[in-house]
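The opening position of the sequence shown corresponds to residue 2 in my numbering, with each subsequent residue numbered one higher.
C-beta: ideal position from N, C-alpha, C; glycine also.
Just so you know, these numbers come straight off a predicted model, no measurement behind them.
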Amino acid sequence: IIARITRTSDLDSLSLVSKRLHTIEACQRRALRVSCVLCPAREALASLCSRFPNLWKVEIDYSQWTSGNGKQLDNKGLLVISSRCHSLTDLTLSFCSCINDSGYLADCKKLMSIRLNSAPEITSSGLLAWLEYLGWHGSLEELVVTNCKGINQYDPLKFGPGWMKLQKFGFDTKKRFFDIPGVHDFHDHLCDAHNPSEYDFFCETLKNLRLARFETGTKVGLRFLLGKCKALERLSLEYVFGLNDKDITALSQSCRNLKSISLWLTPLHYDDDFRTAFTDNSLKALSLCCPMLQAIELTFSGCEPSWPSEIGFTQEGVLVLIQSCPIRVLVLNSANFFDDDGMKALSSAPFLETLELMHSQKITDAGMGFIACTPYLTSLTLRRLHNVTDVGLAELAHAQKLESLIIECCRSISQQAAQGVARSVHHSETLQPGFIEKMYF
Ligand SMILES: *[C@@H]1O[C@H](CO)[C@@H](O)[C@H](O)[C@H]1NC(C)=O
């Protein structure tokens, strides 16, 4: 019974009822998330670790920390976790500024996931020391490094045998555009970085890869993973600069199981051109080589609708991909090449279930009329589509196909028109949090 109670507050209440329930509950507790209220951190954590002997997931989150909260958990506190949580498999350290390279995790022999989020004192050598140890034990399946100033994109590749069982890898600098050095001009835009003699490791199990907000340059860095990890199923490239069509071609040719791809792009200067990194050649490579591709997101930042050539893709290129692969999910953000003709083509997309459109001036009520006919469309999201009105929504209402409709920041669509169009309707005049950061970084 206790195992079926999931809310922490309920579990806390339960364990107050009797000593016996307290003991049983303590043994059942698997996950613990501690924040800045834990003070003094080391002592409190030591007692939590002995009270809950079977913890497998621990998250330390100091994102709300201020100096008034007292001392943060430090290396010695990490040692407490390492030595007392014998079942620990999943560890997240967020905004821990007192843990540095001397922190020690070697006793966590079962660790399978490590997420480091804003750990400013941990550098590559510290991470490599941890990873080398865990890697040799061969257990690590997930590694996510976000906003860690001391860790650069070349270091994770030195992890060697640690890649053998890794299934998920993420690297995000969280930098803003103007803080990424060297992104403003690319002269070597067709460089071929897939000659990986320098790195000798296997990443045959990697399924999920997310790279965000850095510049790869010509010297092979994390871009090397794109042609190397053959089992890749989900890929996100969010403002990774220096990549080109050759990277996507290499990826397409080696990752036949790719199911989902997400590309966030902004235009850059390439010799005579000012455009986003990939062209229709990339889309063509994906259409030819990735028969399992089901989900595509294309997000463009800083592309002027009056200069369509700033986007390297065209509507035709995207439609070829949709016609060649069993696409179920399509997300287009500021894809200003996409218009009602594109919507017409989507009306015969045989697998399309989920469509999200944001910021497209060329999509109008006529477009809504077309997608009302898309055979399996059940979920539609419209954000900042100012040329779609209540008339367009009436077409969708008439078709009665949608399970879910989300309308955000569309000034010509009224709340009343949205009601009843789908089983679940969300209408709001503002964008969900996170969108602004995504679009204008
Ligand atoms: C880590 O922090 C400790 C305590 O603040 C300090 O003594 C030590 O020199 C630091 N180690 C590294 C490698 O920065």
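Sequence-distant Cβ neighbours of leucine 33 in its own chain, meaning closer than 6 Å and more than five residues away, are Leu56 and Val59. For glutamate 44, the enclosing alpha helix (DSSP H) begins and ends at 42 to 52.
When the Cα atoms are used, isoleucine 3 and isoleucine 437 turn out to be separated by approximately 42 Å. Glutamate 430 has its alpha-carbon roughly 27 Å from the corresponding atom of threonine 375. The C-alpha of arginine 235 is placed about 11 Å away from the C-alpha of glycine 171.
For leucine 128, the closest alpha carbon among the candidates Leu266, Asn118, Pro157 and Glu142 is that of Pro157.
Restricted to the segment 244 to 287, the alpha helix (DSSP H) segments that are unbroken, complete and at least 4 residues in length are 246 to 255, listed in chain order. Here aspartate 11 carries a helix assignment [DSSP, helix/strand/coil]. Taking the CA atoms as reference points, threonine 267 sits about 21 Å from threonine 147. Taking leucine 397 as the centre and dropping the five residues before and after it, the same chain places the C-beta of Met369, Ala373 and Val422 closer than 6 Å to its C-beta, in chain order.
If you ignore the 5 residues before and after alanine 213, its C-beta comes within less than 6 Å of the C-beta of Asp173 and Glu239, all in its own chain and listed in chain order. Taking a contact to require three or more Cβ pairs closer than 8 Å, the segment 261 to 281 and the segment 225 to 233 do not qualify as touching. Taking the Cβ atoms as the reference, aspartate 274 lies roughly 19 Å from glutamine 316, outside the contact range of under 8 Å. Counting along the chain, the unbroken beta strand (DSSP E) around alanine 32 starts and ends at 32 to 35. Counting only residues of its own chain and dropping the five nearest sequence neighbours on each side, leucine 299 has a CB closer than 6 Å to the CB of Leu264, Leu333 and Ala336. Look at the segment 303 to 356 and you find these whole runs of alpha helix (DSSP H), each 4 residues long or longer: 316 to 325 and 341 to 347. Rounded to whole angstroms, the gap between the alpha carbons of leucine 432 and glutamate 205 is 39 Å. Listed by position in the chain, the residues whose beta carbon lies within less than 5 Å of some heavy atom of ligand 1 are Asn101, Asp102 and Ser103. Between glutamate 354 and arginine 384, the C-beta spacing is not below 8 Å. When secondary structure is reduced to three states using DSSP, phenylalanine 202 falls in the coil class, being assigned neither helix nor strand.
When C-beta atoms of the segment 110 to 117 are compared with those of the segment 88 to 95, three or more pairs fall below 8 Å, so the two segments count as touching. Under the three-state reduction of DSSP, isoleucine 407 is assigned to strand. When secondary structure is reduced to three states using DSSP, phenylalanine 170 falls in the strand class. Between leucine 227 and leucine 252 a beta carbon distance of about 4 Å is seen, short of the 8 Å cut, so the two are scored as contacting. Taking every protein chain shown into account, the CB of serine 361 has 16 or more other CB atoms within 10 angstroms, so this residue is buried.
Note that the C-beta distance between isoleucine 407 and histidine 387 is not below 8 Å. In this structure, the CA atom of lysine 150 is about 43 Å from the CA atom of leucine 347.
Rounded to the nearest whole angstrom, the C-alpha separation of proline 434 and lysine 285 is 34 Å. Taken through DSSP and simplified to helix, strand or coil, arginine 85 comes out as helix.
Comparing C-alpha distances from valine 392 to each of Glu409, Ala419 and Cys410 shows the shortest one belongs to Ala419. Setting aside the 5 residues that flank it on each side, methionine 344 is surrounded in the same chain by Ile364, Gly368, Phe371 and Ile372, each with a C-beta closer than 7 Å to its C-beta; the list follows chain order.
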